[in-house]
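Written out below as structure tokens is the structure these notes cover.
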Amino acid sequence: MAGLHRIVLGLARLMALAGGVVLTFLIVMVCLSIIGRAGNGVLHWMLDAGFMTGTAQGLIDWGFGAIRGDFELVEAGMAFCIFAFLPYCTVTGGHASVDVFTNFLPRGVNRVLDVLIAVLFAVVLVVIAMQLYEGFLRKMSSGQTTLLLEFPVSWAYGASLVGAVAAAAVGCYLVMVRVYEILTGRLIVPNAVGADH
Amino acid sequence: MSNLEIGIWSFPALLLLIFLRVPIGLAMFSAGFAGMWVTMGNTRLPMAQLKDLAYSQFSNYSLSIVPMFLLMGYFATLGGMSQALFKAAENFLGHRKGGVAMAAIGACAGFGAICGSSLATAATMSRVSLPELKRYGYDGGFSTATLAAGGTLGILIPPSVVLVIYAILTEQNIAKLFLAAFVPGVLAAIGYMVAVSIYVRVHPASAGVREPVPMRERFRALIDVWPVLLVFLAVVGGIYGGIFTPTEGAAVGALGTGIIALVNGGLTWRTLLDSFSDTARSSAMIFFIVLGAAFYNAFLARTRVPQELSEWVVGLGMTPIAVLAAILVIYLILGCFMDSLSMILLTIPIFFPVVMALDFGLTAEHTAIWFGILVLIVVEVGLITPPVGMNLFVINAMSPETPMVSTYRAVLYYVASDIVRVVLLVAFPAITLFLLA
Amino acid sequence: AEVTLTLEHFLPPQANVPVQVLDVWADKVEADSGGRIEIERYPSMQLGGAPPELIDHVQDGIVDIGWTVVGYTPGRFPRTEVFELPFMVKDARAASYAYAKIFEEQMKDADFKDVKIVGTWVHGPGMFHTNKPVMQPGDLQGMKIRGGSRLVNDLLTRVGAEPIGMPVPAVSEALSKGVLDGTTIPWEVTPAVKVPELVRNHTEFEGPALYTLTFVLAMNKDRYESLPDDLKRVIDDNSGVPFSIFAGGTQADADGPARQVAVDLGNDIKTVSQADAEAQWMPVVQPIYESWIADMNAKGIDGQALIDEAKQLMSEYTPDMDTWGK
Ligand code: NA
Ligand code: NA
């Protein structure tokens, strides 16, 4: 079980890494867009002031300015990131919960609770992935695009689907883990705020 | 059972789930799903809503500030920037009881000035401050409570998304509302610092105290923090100067701190990967709560509980001040179950005309602005009142070794400070309005 | 009531369109049904989600009825774009009439086959609201301007502005933070989203409108089919050409009082004369027609024929066709 857990953890971490890379890409893209926007303003100011107008006009014509569609790239990219982050958060028990009252319950009851919560979580994550897939199909068939870059919205849904499916798989895996824990009495995945501290 | 009854029963059901240790986001999601299922008699509606809801919440442009600022927080820690910042603060304040916690409140206020979201403020500042507060000997519950309360300054100090929405719903002037929010926002920060000093006197063991540091060393520590100050100025200046959006500011901050951390050797492949996975963990946790809250709030709106509750209070025929008090109490209660924006969207169209029809001895515009600021404050207090408070949950999850109960205990001091402030603002409208004169 | 229908839209409840069009329509349907239909109204996206999802909400039955800007979902309803072309529309009533006619003929079983459409209309003249005066295309160079549809953003690009796409409700926050230098919208919605307080310059166009956006009031198809025949008739009697003319006309008529708000604030309102529009603006935006026709052809739609038909229908409109609610 510990070996399997290392593999699942590794895969979830890999997804988180992919999200992190996209996040970094977005951050750099946004900064470049700000530089382009500010630079474009300066170039126009130079044109107005009659200062190095040839260079300024050349750079403007070359397209020196904000990155077109930067807002919608952030939106689409961020959706991918969050879905990609979900498996790692889930498999490491990172979701916030309140342990105030369950602390008074016996250990066995808490273990049963862990199983039930894991089942509920798995169901919800599977439903989310299934319905995101439905949404993806609809965006495919309707041909809806973004406003500026006019890329199909279904691409962003499709990319997000990878993380959502991974999260659903992790949810199901955690049910297995909790059942294993209750049978063997060993602890594989502690909660962020759990009954076990 | 009528939709209204189902809506009302969902409150205890949600509380039960949360007390049974069901993760907050999951609990709200499940309550929303089950609620719609029971209301409609089948799962068609919640299933249909989910086709787009998760994607639309996760791709929300305003919320994309959260992962970026979280990453910035990690980079700032890796590059030694947050340590340097707290070292500087400690040099000036460390010999006072609770000085470092006060510094954290001050930092939250500064961050709140650039950020429009209290969850983002709380999450970002705790990434930077929690380890430092721990190093200076502050106990866990006090630290998390401090940051949960400090986070609400993100909304109280303008710019603030809540005020923009209020302005649109009530046709008030945004600039005047921002201006009016300023003094109450500063009062909030001061009130929280007073709460810190009371807390550390009641619980002397909860915070460490150092020997005073000589003046020259204090200023030397300031020199060490210049790179942080540079990034901070770029971010704040850029957002205030209208050069970029808060989200863009977060990107600038993340890139800036990343470069500094790279230059001074704090950022390596190993630590970069750790930053990614920690950012992933916290971001996913926050966004899952946001999704659950959106789903649950969509259900509540449909049952018309917030709308009916508002109309019921209005129909009681009480004196103006009693009506106002009842409205504020309703916001505190709803604050346990709803996020600030949903609450305002659903209730202001009903409450606002009622409040405007009452005589508080103010002009119509002043009544509207004063009421807006009061609503803004109580809506935010709801985020830190136990047992259910969004900020409490988020910050507590960022400090896994801290039991929720100790966060609850410590946050009561901040809630008390909030209540005193609300009473003052209700009793003396001039505190809010004198800047407008 | 026997049937409770939900109606969702993205504007605050006291804005012009909810008060003067949607509420009027909903109240009339309630009255015509003899109280058997009740319409619950959810303004400001109270049921969750963002404005571009409204049409999906209707299609999936998350709400029964929804009012939306067609341009928020580019690529999905291509034929409607004919009324968004620059300097195409002179009069909102005539354009709403033409739009409703073309809908009956061509869009009902194509673009909008998945929903029951109650009304199709356009707003009054679209124009600029900016933090600097704008008289010529060159004045927009490098300015960040919000556009509400694919074609408006194309127009903005061609006049040298930097287009930023976002739904109306996001505009005030963006203007207040300096994220935008200005926005394109008709007068009518400016007070509701605080535009006259946030920018001081307004540029109107004499003659044909710089652009218009298209709207639909849509109903979930299954929900409509599930109604008893007499209630279906209540909906039908308040749908189609007459209601569309009313909606477009009412919305355009709301431009005047809204313009007065900016006048009262002492804002600077400039008008581009028709001659200047033809001499300076038309040449810059004319290529949109060719690229749009090419886009339509690629989708198997005869764009030129659509333009000709829209123009023909707009010219045959007469005021006596405006009968709904009278
Ligand atoms: Na703020
Ligand atoms: Na609360």
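Chains as they are written, first to last, in this note's numbering: chain A, 1 to 197; chain B, 1 to 437; chain C, 1 to 326. Every residue gets a Cβ at the ideal spot worked out from N, C-alpha and C, and that includes glycine. Treat the numbers as computed from the prediction; the structure is a model and nothing was measured.
Identified DSSP bridge partners for residue i
i: residue 215 (chain C); result: C:69, C:121
i: residue 147 (chain C); result: C:165
i: residue 272 (chain C); result: C:205
i: residue 152 (chain A); result: A:145
i: residue 7 (chain C); result: C:41, C:65
i: residue 115 (chain C); result: C:220
Where residue i sits in the DSSP three-state scheme
i: residue 48 (chain C); result: coil
i: residue 187 (chain A); result: coil
i: residue 196 (chain A); result: For residue 196 (chain A), the predicted structure reports a pLDDT of 35, less than 50, and the residue's modelled location is therefore unreliable. The matter cannot be settled from this model.
i: residue 438 (chain B); result: As displayed, chain B neither begins before 1 nor continues past 437, which places residue 438 (chain B) out of reach and without an answer.
i: residue 41 (chain A); result: helix
i: residue 220 (chain C); result: strand
i: residue 216 (chain B); result: helix
i: residue 128 (chain C); result: strand
i: residue 335 (chain B); result: coil
i: residue 42 (chain C); result: strand
i: residue 191 (chain B); result: helix
i: residue 183 (chain C); result: strand
i: residue 85 (chain B); result: helix
i: residue 53 (chain B); result: helix
i: residue 266 (chain B); result: coil
i: residue 302 (chain C); result: coil
i: residue 1 (chain A); result: coil
i: residue 312 (chain B); result: helix
i: residue 60 (chain B); result: coil
i: residue 86 (chain A); result: helix
i: residue 243 (chain B); result: coil
i: residue 383 (chain B); result: coil
Per-residue burial, residue i [other beta carbons within 10 Å of its own, 16 or more giving buried]
i: residue 138 (chain C); result: exposed
i: residue 16 (chain B); result: exposed
i: residue 371 (chain B); result: buried
i: residue 196 (chain A); result: Its pLDDT being 35, under 50, residue 196 (chain A) is placed unreliably by the model, and nothing is read from it.
i: residue 139 (chain A); result: buried
i: residue 192 (chain A); result: With a pLDDT of only 48 at residue 192 (chain A), under the threshold of 50, the placement of this residue in the model should not be trusted, and no figure is reported.
i: residue 16 (chain C); result: buried
i: residue 214 (chain C); result: buried
i: residue 170 (chain A); result: buried
i: residue 307 (chain B); result: buried
Cβ-Cβ separation, residue j to residue i (assumed contact under 8 Å), whole Å
i: residue 399 (chain B); j: residue 143 (chain B); result: 7 Å
i: residue 251 (chain B); j: residue 31 (chain A); result: 6 Å
i: residue 26 (chain B); j: residue 120 (chain A); result: 6 Å
i: residue 182 (chain C); j: residue 145 (chain C); result: 5 Å
i: residue 19 (chain A); j: residue 81 (chain A); result: 4 Å
i: residue 331 (chain B); j: residue 28 (chain B); result: That belief does not hold up - the Cβ atoms of residue 331 (chain B) and residue 28 (chain B) are roughly 18 Å apart, past 8 Å.
i: residue 379 (chain B); j: residue 342 (chain B); result: Residue 379 (chain B) to residue 342 (chain B), Cβ: 10 Å. No contact.
i: residue 75 (chain C); j: residue 84 (chain C); result: Actually they are not in contact, since the Cβ atoms of residue 75 (chain C) and residue 84 (chain C) sit about 13 Å apart, beyond 8 Å.
i: residue 406 (chain B); j: residue 140 (chain B); result: 6 Å
i: residue 79 (chain B); j: residue 260 (chain B); result: 5 Å
i: residue 460 (chain B); j: residue 87 (chain B); result: No statement about residue 460 (chain B) is possible, as the shown extent of chain B runs from 1 to 437 and does not include it.
Cross-chain neighbours of residue i in chain B, by beta carbon under 7 Å
i: residue 99 (chain A); result: 21, 403, 404
i: residue 157 (chain A); result: 55
i: residue 206 (chain A); result: With chain A covering only 1 through 197, there is no way to say anything about residue 206 (chain A).
8 Å Cβ cut-off: residues of chain B touching residue i
i: residue 62 (chain C); result: 45, 48, 49
i: residue 197 (chain C); result: 173, 174, 175
i: residue 274 (chain C); result: Under the 8 Å cutoff, chain B gives no residues; its nearest Cβ is about 34 Å from residue 274 (chain C).
beta-carbon residue i near ligand 4 non-hydrogen atom, thresh 7 Å
i: residue 277 (chain C); result: Ligand 4 is not among the ligands present in this structure, which contains only ligand 1 and ligand 2.
Neighbour list for residue i in chain A, Cβ cutoff strictly below 8 Å
i: residue 80 (chain C); result: Residues of chain A passing the Cβ test: none, with the nearest at roughly 14 Å.
Cross-chain neighbours of residue i in chain C, by beta carbon under 8 Å
i: residue 242 (chain B); result: 177, 178, 179
i: residue 143 (chain A); result: 75, 76
Where residue i meets chain B, residues with beta-carbon distance less than 9 Å
i: residue 43 (chain A); result: Under the 9 Å cutoff, chain B gives no residues; its nearest Cβ is about 16 Å from residue 43 (chain A).
Chain-ordered neighbours of residue i on chain A, where CB pairs are closer than 7 Å
i: residue 141 (chain C); result: 44
Per-residue contacts from residue i into chain C (C-beta, under 7 Å)
i: residue 294 (chain B); result: 48
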